[in-house]
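Residue numbers (the working numbering), protein chains in the order written: chain A, 1 to 305; chain B, 1001 to 1295.
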């Protein structure tokens, strides 16, 4: 520091302490409640951890669908994250490294999807995923697009009601967003042109350049984007809420909100179970954050350029 | 002739962007087209032929007072939630930038709420702030009913704002702190030599240099508060008590899926989309002129 400003430093410390308390308080109370018995929780919010953690966890693990739902969340989050990363790297690569007439149009079309989040177009998106596919089915069968889908995913899309209650149905519409393409385009454009010139001169084709040069350089933004995409897929609510009608197919966040809904409809509020479930739902994304926090901050700085 | 450093090949770029285009066509453009169609037809929820009704859906909507009320609530939430989040994050970032003993620890743990953002935060915080045993329940011993988000619409809205802020501070804090740390130490030293104290430097040095990051945060928060409102409302208040938290995003969902009013719901979607585009454009038109990108 430049000058000794003890009073300002003290004020700043108090501000930070309040911020930390605000950020960590909920986590702490989740833990204390998840470790307490019903008798304690009814009397008031427990401020100290109790001893009933295993009893509460036992209830959540064996009496509810939460364990299965956590597995569902994992599968969906991994599908969405890897799908988004692959799809957006490819399209950003096409936009930056090829001389294509219509590429501004393509980029504009991709970017426009940011204008309308899934919450806004939920009803008609649901209709697409359920049954309005029939006129559409013919179109993709005739044009051979279905063959391509078969080649890429190993199965033919039969676009009827099947997308309901499937992992693919929950993941696909979430992959279809522009954020990743936008960030990778920014990043690719910041890479010196000399690299691809040199690669071309040495006779490398586009695939070779992408795999051997561009991807190793993209580790930092790829890592940051992975974290952000994982968290956002894990915390999705509206789409899985619609598409999964079977509780055993629901992701964990939906399962967690159902505790709350049950309490609202008059069930006795057994908060210790709810918080034990919350504990299980929080832990996987918290581990991802703890491990890759540095990458997020670096990625944000890149993304903001 | 291709530009330097670009690859040749007509089919490569199309092939490479095809997966992305296919997905957005299926799950974005096609639904938007269907939604557009629905807003001019009267759609039967359980199949059957749709009937062209022209602008009747819009007329019905513009006579619905709840529609205006819900749109107003959305707007108020966007303003209060993003203003509070950016302001609080800014204060925290300025404090953490002062290289205090707590700074390193704060930088670490202030990111944690990101893991719990959205609906799970809603569930946890509505328990934490419940009127009977929650952290504000002592207010009710002072005067019964002072804090009751289950029955009082104003309290319910405060709760939504707190929950939103809690989950969004991590990102804004990280962006703003990165911006503050990019300001060279020599600027501070030069200003201090000229006699500028810490407050003065905050207003005349840090704040102007931080405008790109602040602008970015405001844009992000406006869009996020618009989207995330659904998660928080569904997990905390379900639009209640008495419609006081029934924002437009939530109303569209309820009308479409619980009321089976497909036409009404997609008409609102259409209007919401136009509103959203207007807000994004307005943000850039009004705010970006004040942003100072040169360092």
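Where is the CB? At the ideal position from N, CA and C, for every residue including glycine.
Cα-Cα separation between residue i and residue j, rounded to whole angstroms
i: residue 1125(B); j: residue 275(A); result: 11 Å
i: residue 1232(B); j: residue 210(A); result: 41 Å
i: residue 50(A); j: residue 35(A); result: 5 Å
i: residue 1114(B); j: residue 237(A); result: 15 Å
i: residue 1277(B); j: residue 1251(B); result: 19 Å
i: residue 1185(B); j: residue 6(A); result: 19 Å
i: residue 243(A); j: residue 1078(B); result: 28 Å
i: residue 1080(B); j: residue 1142(B); result: 27 Å
i: residue 1147(B); j: residue 17(A); result: 25 Å
i: residue 1180(B); j: residue 191(A); result: 25 Å
i: residue 323(A); j: residue 1028(B); result: There is no way to answer for residue 323(A), as the model of chain A reaches only from 1 to 305.
i: residue 1040(B); j: residue 1211(B); result: 43 Å
i: residue 127(A); j: residue 1221(B); result: 30 Å
i: residue 290(A); j: residue 224(A); result: 13 Å
i: residue 1035(B); j: residue 175(A); result: 20 Å
i: residue 14(A); j: residue 193(A); result: 49 Å
i: residue 55(A); j: residue 272(A); result: 10 Å
i: residue 1282(B); j: residue 1172(B); result: 21 Å
i: residue 187(A); j: residue 75(A); result: 28 Å
i: residue 19(A); j: residue 1169(B); result: 9 Å
i: residue 108(A); j: residue 1007(B); result: 21 Å
i: residue 1086(B); j: residue 1223(B); result: 13 Å
i: residue 1097(B); j: residue 179(A); result: 29 Å
i: residue 1163(B); j: residue 185(A); result: 33 Å
i: residue 356(A); j: residue 1052(B); result: This structure gives no information on residue 356(A), because the portion of chain A shown stretches from 1 to 305.
Same chain, Cβ closer than 7 Å to residue i, five either side skipped, listed in chain order
i: residue 1157(B); result: 1244, 1245
i: residue 1303(B); result: Lying before the first or after the last residue shown, residue 1303(B) is absent from chain B, which here runs from 1001 to 1295.
i: residue 1307(B); result: Any property of residue 1307(B) remains undetermined from this structure, which presents chain B solely from 1001 to 1295.
i: residue 196(A); result: 97, 209
i: residue 1058(B); result: 1267
i: residue 61(A); result: 67
Spatially closest choice to residue i from the options, by CA coordinates
i: residue 261(A); options: 1119(B), 1168(B), 1052(B); result: 1119(B)
i: residue 1241(B); options: 1152(B), 1249(B), 1267(B), 1200(B); result: 1152(B)
i: residue 113(A); options: 1283(B), 1247(B), 1026(B), 1214(B); result: 1026(B)
i: residue 292(A); options: 229(A), 255(A), 251(A); result: 229(A)
i: residue 1088(B); options: 1008(B), 1177(B), 1143(B), 1059(B); result: 1177(B)
i: residue 183(A); options: 65(A), 259(A), 226(A); result: 226(A)
i: residue 280(A); options: 10(A), 66(A), 127(A), 231(A); result: 66(A)
i: residue 1111(B); options: 1261(B), 1167(B), 1203(B); result: 1167(B)
i: residue 1235(B); options: 1159(B), 1268(B), 1075(B); result: 1159(B)
i: residue 1154(B); options: 1264(B), 1239(B), 1051(B); result: 1239(B)
i: residue 1280(B); options: 1259(B), 1226(B), 1033(B); result: 1226(B)
i: residue 79(A); options: 172(A), 44(A), 110(A), 23(A); result: 172(A)
i: residue 167(A); options: 48(A), 129(A), 277(A), 222(A); result: 129(A)
8 Å CB neighbourhood of residue i in its chain, flanking five on each side removed
i: residue 245(A); result: 164, 165
i: residue 100(A); result: 94, 106
i: residue 1255(B); result: 1261, 1264, 1265, 1268
Close-in-space but distant-in-sequence residues of the same chain around residue i (CB under 6 Å, 5 per side omitted)
i: residue 1272(B); result: 1248
i: residue 241(A); result: 254
i: residue 217(A); result: none
i: residue 285(A); result: 231, 234
Between the stretch 1237-1262 of chain B and chain A, which residues of the former have CB atoms less than 8 Å from a CB of the latter, in chain order? 1238, 1249, 1252, 1253, 1256, 1257, 1262
Between the stretch 1273-1286 of chain B and chain A, which residues of the former have a C-beta closer than 9 Å to a C-beta of the latter? Against chain A - using a Cβ distance shorter than 9 Å - the residues of the stretch 1273-1286 of chain B are 1273, 1276, 1277, 1280.
Members of the stretch 65-93 of chain A that neighbour chain B once the beta carbon cut-off is set at 8 Å: 86, 87, 88, 90, 91, 93
Return the residues of the stretch 1125-1138 of chain B that lie within a Cβ-Cβ distance of less than 9 Å from chain A, sorted by chain order. 1125, 1126, 1127, 1128, 1130, 1132, 1133, 1134, 1135, 1137
For the stretch 116-131 of chain A, list every residue whose C-beta sits within 7 Å of some C-beta in chain B, in sequence order. Taking 7 Å as the Cβ-Cβ cut-off against chain B, the residues of the stretch 116-131 of chain A that qualify are 116, 117, 119, 120, 121, 122, 123, 124, 125, 127, 128.
Anything in the stretch 179-203 of chain A with a Cβ closer than 8 Å to a Cβ of chain B? List those residues in chain order, please. 181, 193, 194, 195, 196, 197, 200
Is the stretch 1212-1221 of chain B close to the stretch 1100-1108 of chain B, with three or more CB pairs under 8 Å? no
Against chain B, which members of the stretch 270-287 of chain A pass a CB distance test of less than 8 Å? 271, 274, 275, 278, 281, 282, 285, 286
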